[in-house]
Each structure stands twice: as C-alpha cells, then as structure tokens.
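What follows is a short report on a single structure.
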Amino acid sequence: MSANRSLVLRSFVVTLVAIACWMALSSVEMANATTAATNPKPADGLAAWDSVYSVLTYPRCINCHTATNYPQQGDDRHRHFANVIRGPEGKGVAGLNCISCHQEKNSDATGVPGARGWHLAPLSMRWQDLNDRILSSAEVCRALIDRAKNHGLDEPGILKHHQEEPLVVWAWNPGLRPDGSARSMPPLTHDQFVGATRRWVAAGTPCPRSRSSP
Amino acid sequence: MTTYQLSVNGERREVDVDSSTPLLWVLREELKITGTKYGCGISACGACTVHLDGVATRSCVVPVSLIGNRPIVTIEGIGKDPVGRAVQDAWVEKDVVQCGYCQSGQIMTAVALLKDKPRPTDANIEESMGGNLCRCGTYVRIREAIKSASAQLN
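Protein chains in written order, with this note's numbering: chain A, 185 to 398; chain B, 103 to 256.
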C-alpha cells in the first residue's frame with residue numbers, strides 16, 4: 185500500500201513539474217509572439233513590401249501610374265486610344281476628360297471600365313520611367329512613403345488608400361473587356377494586398393536598400 | 103426592361119429600355135433625337151459626343167443605367183447656351199462642314215473646351231479636339247471657328 189501510495193505521489197509530482205514546464209515554455213512563446221506582433225522584424229516588413237510591390241507594378245496598376253503624358257491600357261500597357269492625354273490634374277482635358285467615357289461603374293455591355301473619380305495618379309507616383317521600364321522595388325517604396333510625393337499620406341493614410349480608394353479597389357473588380365472576356369486580376373487578392381500593406385506599415389514601412397530588379 | 107426618366111435638352115423624357123442600352127441608342131432609336139451620330143461605337147471617334155451634366159461625354163459607351171439625374175444636352179439643345187450659340191455661328195461663318203457627319207460631336211467638344219478655357223491656345227485646341235476625328239480633314243477650319251467663337255465671346 186505504502187509503495188503504491190509513494191508511486192502515485194511521485195507520478196503526481198512528475199506530472200505537475202511537466203505541466204509547469206509546459207506552461208512556462210508556452211508563456212515564453214506567447215511573449216515572443218506578442219513581441220513579434222507589436223515589433224515586427226524588418227525582414228518581415230520587407231517580405232510584406234515585396235507582396236505590395238508585386239501588386240503596385242501589375243500592368244493594370246501601372247497603366248494609371250505612368251510617367252507619360254497619357255494613360256496606358258491593357259496587360260501590354262499600350263498607349264490609351266483616342267488621343268487621351270493626362271491634363272493638368274490627371275483627369276484629361278476639357279472635352280476629353282477621363283469621365284467622358286469612364287463612369288462610376290464598369291459598363292460590361294460596352295467594355296468600358298469605371299469607378300468613382302477615374303483619373304491618373306500624379307507623376308510623382310509613377311511606377312515606370314520615361315522608357316516605359318518598371319521602377320525598382322526600392323524606388324517605388326521610397327516614392328510611396330515620401331509625403332512630398334504621395335499627397336501627404338502618412339502610414340495609416342497609405343493603408344487606408346490601399347483599403348478604400350475606389351480606383352485601387354476597382355483593380356479587383358475590373359469588369360469585362362469590349363470583347364466580353366474578363367480583365368486580368370492582380371497577383372494577390374485585395375485582402376492579401378491589404379494584409380501585406382498592414383504588415384509592412386506595422387514594421388515601419390521598410391524599403392529595400394538598393395535597386396532590385398522588378 | 104426598365105423605365106428611366108431622363109432630362110434631355112431641358113425636357114423630361116421617359117424611356118423603357120434594357121439597362122445596358124447606351125445613351126446614343128436611347129437618343130436616336132427611342133427618342134428619335136438623331137443629331138448625335140454613331141461613328142465607331144467604341145468611343146474612339148467622338149461623333150457621338152453629348153454633354154452629360156456639362157461634361158462632354160461619349161454617348162456610345164455610357165449605359166442608360168449610369169446616367170442618373172444628370173442632365174443631357176445634345177446638338178439639338180446646345181444652341182440655347184450662349185457658348186453653344188457662338189460656336190454654331192462660328193461654324194457657319196467659317197464654313198467648317200464638309201460632309202458633316204462628325205460635326206455635331208466636334209461642336210459639342212468645342213463648346214466644352216470654350217467653357218473651360220475661354221481663350222484657348224492652339225495647344226489647348228489640339229489637346230481637347232484631338233479625340234474627335236474628321237475623315238474630311240476639316241481640322242484647320244475647326245480651329246479657326248473655335249478661335250472665332252472665342253473672340254466673339256470675349
């Protein structure tokens with residue numbers, strides 16, 4: 185009896201110690217995880233930025249983030265037809281405005297895409313050079329966080345822009361081409377894009393240090 | 103089919119059409135207002151230009167469902183506007199028209215230009231009128247007429 189009691193007691197103690205060790209380790213892991221969430225590593229931020237960059241430099245995003253005096257269109261980023269030009273505010277010119285054709289919604293019957301406030305991004309937010317080459321990850325990143333170039337957007341402002349700006353959101357609801365086929369979609373879903381932006385912002389919007397090929 | 107209430111040249115008009123019907127077809131086929139022309143059907147030539155809430159708009163690609171309460175002005179109504187009247191007079195004065203097919207669109211775009219820039223430069227005219235094609239090549243007379251209308255208005 186006494187031996188049995190001793191064995192039970194020993195087993196109980198061993199179990200208690202094991203539980204205590206497990207709880208201690210778990211709390212350390214949780215603390216690390218919390219620290220990681222509140223203080224993300226720059227490497228995580230840079231990885232998130234890579235995802236953001238993959239969307240920003242998607243052809244149909246660049247089509248309105250041109251370095252040219254006109255918009256582009258299509259997955260091959262050709263010049264917009266009908267002699268459309270940028271105009272002083274990126275909205276075309278009198279008589280030939282963006283909204284001369286682009287309404288607040290897609291027109292699938294005619295193949296004309298639409299969203300509220302259709303316009304070009306300012307030249308300071310161009311994602312291409314004058315030779316139609318896509319800017320490097322570092323160049324786009326630095327431009328995006330430069331308030332002198334991005335219309336004064338702070339980090340929450342950049343996140344909100346990616347979450348809510350109608351023309352950004354339109355990229356995931358691009359409608360049909362005039363031939364009735366569906367326009368292509370960016371490489372991430374909108375949720376993934378916003379999530380990557382949030383992680384990048386949480387990490388302090390780190391930018392790659394040197395030029396990297398797109 | 104859906105019923106839409108439209109304001110066309112200051113008059114209330116009602117049409118019962120499919121929601122995807124472009125405004126051009128509503129004007130020409132439903133309302134029999136035929137001064138606005140069908141050119142390319144893909145907003146590339148400007149022949150179908152009307153004013154939608156004052157904005158020169160390619161009516162061949164705008165479905166009726168997206169018009170809402172915005173007033174529509176066509177070539178038949180633009181003469182009631184002082185700028186529109188001046189442009190039409192200048193068009194006659196300079197004898198702009200050859201075949202005439204594109205001219206209603208040209209005039210509607212020219213009016214939008216002059217309302218935004220009462221004294222347009224040659225560059226302004228080229229930029230604003232650059233999306234309106236004329237197979238007869240009346241571009242030089244179009245430019246002269248716009249300058250004439252500008253001078254008359256100023």
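Even for Gly, the Cβ is constructed at its ideal location relative to N, Cα and C.
Three-state secondary structure assigned by DSSP to residue i
i, result
"Ser167 of chain B", "helix"
"Leu329 of chain A", "According to the sequence as given, residue 329 of chain A is Ile; it is not Leu. The answer is coil: DSSP assigns Ile329 of chain A none of H, G, I, E or B."
"Thr211 of chain B", "helix"
"Pro350 of chain A", "helix"
"Pro370 of chain A", "coil"
"Ala278 of chain A", "coil"
"Ile269 of chain A", "coil"
"Ser211 of chain A", "With a pLDDT of 48 at Ser211 of chain A, under the threshold of 50, the predicted position of this residue should be treated as unreliable, though the coordinate-derived value follows. Helix, per DSSP."
"Ala146 of chain B", "coil"
"Leu154 of chain B", "strand"
"Thr240 of chain B", "coil"
"Asn216 of chain A", "For Asn216 of chain A, the pLDDT reaches just 43, beneath the cut-off of 50, and the residue's location in the model is therefore unreliable, although a value from the coordinates is still provided. Reduced to three states, the DSSP call for Asn216 of chain A is helix."
"Ile135 of chain B", "coil"
"Leu235 of chain B", "coil"
"Arg310 of chain A", "coil"
"Ser365 of chain A", "coil"
"Ile342 of chain A", "helix"
"Ser284 of chain A", "helix"
Amino acids of chain A, ordered along the chain, whose beta-carbon sits closer than 7 Å to that of residue i
i, result
"Ile144 of chain B", "Pro362"
"Ser206 of chain B", "Near Ser206 of chain B there are no residues of chain A at all, since even the closest Cβ is about 14 Å away, more than 7 Å."
"Leu215 of chain B", "Ala278 and Gly279"
Closer than 8 Å to chain B by CB, residue i
i, result
"Ala299 of chain A", "no"
"Leu319 of chain A", "no"
"Lys289 of chain A", "yes"
"Thr294 of chain A", "yes"
Residue i - containing alpha helix (DSSP H), residue span
i, result
"Thr381 of chain A", "His374 to Ala386"
"Val185 of chain B", "Pro184 to Glu195"
"Met231 of chain B", "Asp224 to Met231"
"Arg244 of chain A", "Pro243 to Ile246"
Minimum C-alpha distance to residue i - residue among the options
i, options, result
"Asp155 of chain B", "B:Leu168, B:Ser145 and B:Ile144", "B:Leu168"
"Val213 of chain B", "B:Pro124, B:Thr176 and B:Thr136", "B:Thr176"
"Leu314 of chain A", "A:Glu273, A:Gly229 and A:Pro255", "A:Pro255"
"Val268 of chain A", "A:Ala366, A:Thr252 and A:Gln347", "A:Thr252"
"Val185 of chain B", "B:Met210, B:Glu113 and B:Asp118", "B:Met210"
"Arg244 of chain A", "A:Trp233, A:Gly258, A:Ala231 and A:Tyr237", "A:Gly258"
"Gly295 of chain A", "B:Glu132, B:Ile135, B:Lys134 and B:Gly143", "B:Gly143"
"Leu343 of chain A", "A:Leu360, A:Arg310 and A:Arg383", "A:Arg383"
"Gly179 of chain B", "B:Lys249, B:Gly112 and B:Ile248", "B:Gly112"
"Gly279 of chain A", "B:Arg187, B:Cys201 and B:Pro222", "B:Pro222"
"Trp311 of chain A", "A:Leu360, A:Trp302, A:Glu323 and A:His303", "A:Glu323"
"Thr104 of chain B", "B:Thr151, B:Pro165, B:Thr138 and B:Val157", "B:Pro165"
"Arg300 of chain A", "A:Ser308, A:Asp316, A:Met309 and A:Cys282", "A:Cys282"
"Asp375 of chain A", "A:Val353, A:Lys275 and A:Ser308", "A:Val353"
Below-8 Å beta-carbon distance, residue i vs any chain A residue
i, result
"Arg172 of chain B", "no"
"Asp218 of chain B", "yes"
"Pro124 of chain B", "yes"
"Gly232 of chain B", "yes"
"Leu168 of chain B", "yes"
"Thr211 of chain B", "yes"
"Glu246 of chain B", "no"
"Glu132 of chain B", "no"
"Trp127 of chain B", "no"
Neighbour list for residue i in chain A, Cβ cutoff strictly below 8 Å
i, result
"Met103 of chain B", "Those do not exist, as Met103 of chain B stays about 14 Å from chain A at its closest Cβ, beyond 8 Å."
For residue i, the first and last residue of its enclosing beta strand (DSSP E)
i, result
"Leu230 of chain A", "Element bounds for Leu230 of chain A: not the beta strand (DSSP E) but the alpha helix (DSSP H), Pro226 to Leu240."
"Arg115 of chain B", "Glu113 to Val119"
"Leu108 of chain B", "Thr104 to Val110"
Contacts of residue i in chain B (Cβ-Cβ under 8 Å)
i, result
"Cys285 of chain A", "Ser145, Thr159, Arg160, Val163 and Val164"
"Val353 of chain A", "Chain B residues near Val353 of chain A: none, gap ~18 Å exceeds 8 Å."
"Ile269 of chain A", "Glu229 and Gly232"
Residues that residue i contacts on chain A, provided the C-beta gap is smaller than 9 Å
i, result
"Leu108 of chain B", "What Leu108 of chain B touches in chain A: nothing, since even the nearest Cβ is about 15 Å away."
Heavy atom of the ligand GDP within 7 Å of residue i beta-carbon
i, result
"Gly143 of chain B", "Here there are no bound small molecules, and the ligand GDP is not part of this structure."
Amino acids of chain B, ordered along the chain, whose beta-carbon sits closer than 9 Å to that of residue i
i, result
"Ala332 of chain A", "Residues of chain B passing the Cβ test: none, with the nearest at roughly 28 Å."
Partners in chain B for residue i, counting only beta-carbon separations shorter than 7 Å
i, result
"Ala266 of chain A", "Ser145, Ala146 and Gly233"
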